[in-house]
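Trainee:
In my numbering, the protein residues as written are 301 to 458.
Here's what the structure looks like:
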């Protein structure tokens with residue numbers, strides 16, 4: 301077996317061992333971009349993923365940068381079932397996310413960068429249910445919004 305064939309087979313075995321992620325359409329998985337709301341250079345990214353399995357757990361790999369150093373923030377989401385492309389903005393429409401049902405802070409380092417692996421169990425939500433959804437990052441002390449996303453369409457994975 302040649303070196304190239306051996307390397308290819310090693311990558312194929314490694315790829316098969318990864319989590320079985322669902323298809324991209326309808327939108328089961330989302331790449332969420334968060335933009336600064338304060339006029340600064342802050343930025344964020346949420347890799348929103350649903351494994352293609354029997355559990356309805358959504359994983360939210362969250363990363364922020366250029367925020368206040370050594371500070372705590374929280375990721376929140378707002379949903380709307382009207383499916384009109386308009387996401388909620390009212391203060392009562394936001395849910396703080398975390399690890400399961402436990403809210404979790406995202407703490408930045410001395411350069412203002414932070415990362416946290418969050419999750420949410422959607423077992424109570426019917427399969428195939430669609431939402432318009434958006435996200436924001438708030439200051440964990442003052443609750444002031446610092447980053448916010450646009451509006452995305454999301455479908456609970458079957």
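Heads up, the beta-carbon is just placed ideally off N, CA and C, and yes, glycines get one too.
All figures in this text were calculated on a predicted structure; none of them were measured in a lab.
By a C-beta neighbour count over all protein chains shown, 10 Å radius and 16 as the cutoff for buried, is residue 441 buried or exposed?
Mentor: Taking the chain shown and counting its residues from 1, one reaches residue 441 at position 141. Residue 441 comes out exposed.
Trainee: To the nearest angstrom, how far is the alpha carbon of residue 377 from that of residue 394?
Mentor: Taking the chain shown and counting its residues from 1, the one referred to as residue 377 is at position 77. Taking the chain shown and counting its residues from 1, the one referred to as residue 394 is at position 94. If I take the Cα positions, the gap works out to 5 Å.
Trainee: Quick check on residue 416: buried or exposed, where buried means 16 or more other Cβ atoms within 10 Å of its Cβ?
Mentor: By 1-based counting over the chain shown, the position of residue 416 is 116. With 16 or more Cβ atoms within 10 Å of its Cβ, residue 416 is classed as buried.
Trainee: Could you name the residues of the same chain whose beta carbon sits closer than 7 Å to that of residue 419, not counting the 5 residues immediately before and after it, in chain order?
Mentor: Taking the chain shown and counting its residues from 1, one reaches residue 419 at position 119. Answer for residue 419: 357, 358, 359, 360, 399 and 400, listed in chain order.
Trainee: Could you check what DSSP says for residue 441 in three-state terms: helix, strand or coil?
Mentor: For the purposes of this step, residue 441 is taken as the residue at position 141 of the chain shown. Correct three-state label for residue 441: coil.
Trainee: Can you list, in chain order, the stretches of the beta strand (DSSP E) that have 3 or more residues and sit fully within the stretch 368-424?
Mentor: 372-380, 394-396 and 414-421
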